Amino acid sequence: MENSAITPGISLKDFDYEVNKSNSDKYIETAKDVKLYVKDYGKGKPVILIHGWPLSNEMWEYQTEFLVQNNYRVIAYDRRGFGKSSQPWEGYDYDTLTDDLNEIIEQLQLEDVTLVGFSMGGGEVVRYFSRYQGKSVTKAVLISSIIPFLAKTEDNPEGRPKEKSEATAASIKEDRIGFLDNFSKIFFGVNIINKPLSTPLLEYYRNLCSVASPRATLQCAESLNTTDFRDELHTIKVPTLIIHGTDDKNVPIEISSEKTAKAIENNTFITYEGAPHGLFYTEKDRLNKDLLEFLNS
Numbered sequence: 056m057e058n059s060a061i062t063p064g065i066s067l068k069d070f071d072y073e074v075n076k077s078n079s080d081k082y083i084e085t086a087k088d089v090k091l092y093v094k095d096y097g098k099g100k101p102v103i104l105i106h107g108w109p110l111s112n113e114m115w116e117y118q119t120e121f122l123v124q125n126n127y128r129v130i131a132y133d134r135r136g137f138g139k140s141s142q143p144w145e146g147y148d149y150d151t152l153t154d155d156l157n158e159i160i161e162q163l164q165l166e167d168v169t170l171v172g173f174s175m176g177g178g179e180v181v182r183y184f185s186r187y188q189g190k191s192v193t194k195a196v197l198i199s200s201i202i203p204f205l206a207k208t209e210d211n212p213e214g215r216p217k218e219k220s221e222a223t224a225a226s227i228k229e230d231r232i233g234f235l236d237n238f239s240k241i242f243f244g245v246n247i248i249n250k251p252l253s254t255p256l257l258e259y260y261r262n263l264c265s266v267a268s269p270r271a272t273l274q275c276a277e278s279l280n281t282t283d284f285r286d287e288l289h290t291i292k293v294p295t296l297i298i299h300g301t302d303d304k305n306v307p308i309e310i311s312s313e314k315t316a317k318a319i320e321n322n323t324f325i326t327y328e329g330a331p332h333g334l335f336y337t338e339k340d341r342l343n344k345d346l347l348e349f350l351n352s
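Right under this line is the structure:
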């Protein structure tokens, strides 16, 4: 591009930023007939935010604003089947989902990346290290993560019984929106004496979940409940931040992050006393502070 095409007074570096801003809302084709909706804001070292089940990138609203203001480039995308992304019939296993993540990293030509996975998103983070050797990633964050293995088996007796997962699937098939309404209350720790968010906001998060493909909702529930990442944790060699609430009813800390913290060598493990699963909102100020401190370290 010739200099004459650049607005007078704007350097090439500034022009690159202007281009980045103008392309902040885009679709990236990660596979044949599969396009993922991606938000790409700010400048600085890239931070990729991977949402939980069955939400979309909008769950990161309070983190995105905060991190951009603190000089980080934030990439938040909708997993296939969720939000504004394509809703193919197949491809909801962790290998395929992680291939999608790799395509985003490659097509945006990202380096020195921090991967942040919430809940189900922790699976893509771990699988990216075992499947792609953590290429271009220098830090990792696992928040309320389902890692390392949720299912109850002979060698994982404290895991989630198969009958419970089957009951969840049956509820989704019977009345998906009704299931989501109840799920969102447990997700944020809402009960008779505790109301950490307004009713309109609770309904907003439920609506974000409702636009997901019914097929993707079921298939991803199976993936996050049955995928065993225990033998992959050793592949994470970068500094890792692990955050989990002690009152998480969706993914109890005892069967998840406590085990993960023992398996990843270079980690910082922070527990939020009394926090529910959806701490990206209920503990947003503390979470933002801890994220920024880790990113700047």
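The numbers in my numbering rise by one with no breaks, and the one at position 169 of the sequence shown is 224.
Backbone N, C-alpha and C define an ideal beta-carbon position, used for all residues, glycine too.
All figures in this text were calculated on a predicted structure; none of them were measured in a lab.
{"query": "Same chain, Cβ closer than 8 Å to Leu257, neighbours up to 5 away in sequence not counted", "result": "Ser239, Lys240, Phe243, Val245"}
{"query": "Residues sharing a beta bridge with Lys194, DSSP", "result": "Thr169"}
{"query": "Whole-angstrom distance between Tyr259 and Leu296, CA atom to CA atom", "result": "29 Å"}
{"query": "Best match in Pro255, Met114, Arg182, Gly138 for proximity to Val266 [C-alpha to C-alpha]", "result": "Gly138"}
{"query": "Exposed unless 16 or more other CB atoms sit within 10 angstroms - verdict on Ala271", "result": "buried"}
{"query": "Nearest residue (CA-CA) to His289, options Leu252, Arg215, Gly189, Asp210", "result": "Gly189"}
{"query": "Residue from Ala86, Lys87, Lys98, Thr85 with nearest C-alpha to Ser79", "result": "Lys98"}
{"query": "Start and end residues, alpha helix (DSSP H) containing Glu179", "result": "176 to 187"}
{"query": "Span separating the alpha-carbon of Glu145 from that of Trp115", "result": "26 Å"}
{"query": "Lys6 versus Leu91: straight-line alpha-carbon distance, rounded", "result": "The chain is shown from 56 up to 352; residue 6 falls before or after that span and cannot be answered."}
{"query": "Whole-angstrom distance between Phe335 and Arg341, CA atom to CA atom", "result": "9 Å"}
{"query": "CB of Tyr132 within 9 Å of CB of Val93, strictly", "result": "yes"}
{"query": "Helix, strand or coil at Lys240 according to DSSP, with G and I counted as helix", "result": "helix"}
{"query": "Buried versus exposed, by CB contacts within 10 Å (16 or more), Thr208", "result": "exposed"}
{"query": "8 Å CB neighbourhood of Ile227 in its chain, flanking five on each side removed", "result": "Phe234, Pro269, Thr272, Leu273, Ala276"}
{"query": "Closest Cα partner of Ile310 within the set Arg186, Glu166, Ser199, Gln124", "result": "Ser199"}
{"query": "Cβ shell of Asp167 (< 8 Å), same chain only, five flanking positions each side left out", "result": "Lys100, Pro101, Ser191, Thr193"}
{"query": "Range covered by the beta strand (DSSP E) that runs through Glu84", "result": "80 to 86"}
{"query": "Through-space distance from Gly176 to Arg182, alpha-carbon basis", "result": "10 Å"}
{"query": "Limits of the alpha helix (DSSP H) - the one that Ala16 falls within", "result": "The first residue shown for the chain is 56 and the last is 352, placing residue 16 beyond what the model contains."}
{"query": "Three-state secondary structure (DSSP) of Lys250", "result": "coil"}
{"query": "Contact the segment 279 to 293 vs the segment 204 to 219: 3+ CB pairs below 8 Å", "result": "yes"}
{"query": "Spatially closest choice to Ser111 from Arg128, Asp88, Glu84, Gln142, by CA coordinates", "result": "Gln142"}
{"query": "For Ile103, the nearest candidate out of Pro331, Tyr127, Leu205 (CA to CA)", "result": "Tyr127"}
{"query": "DSSP state of His289 mapped onto helix, strand, coil", "result": "helix"}
{"query": "CB contact flag (His299, Ile325, <9 Å)", "result": "yes"}
{"query": "Beta-carbon proximity check, Leu170 vs Glu179, cutoff 9 Å", "result": "yes"}
{"query": "Where Thr301 sits in the DSSP three-state scheme", "result": "coil"}
{"query": "Three-state secondary structure assigned by DSSP to Lys76", "result": "A caution first: Lys76 carries a pLDDT of 45, below 50, which makes its placement in the model unreliable, though a value can still be read off. The answer is helix: DSSP assigns Lys76 an H, G or I state."}
{"query": "Nearest to Ala316 (by Cα), restricted to the options Tyr117, Tyr149, Ala195, Thr151", "result": "Ala195"}
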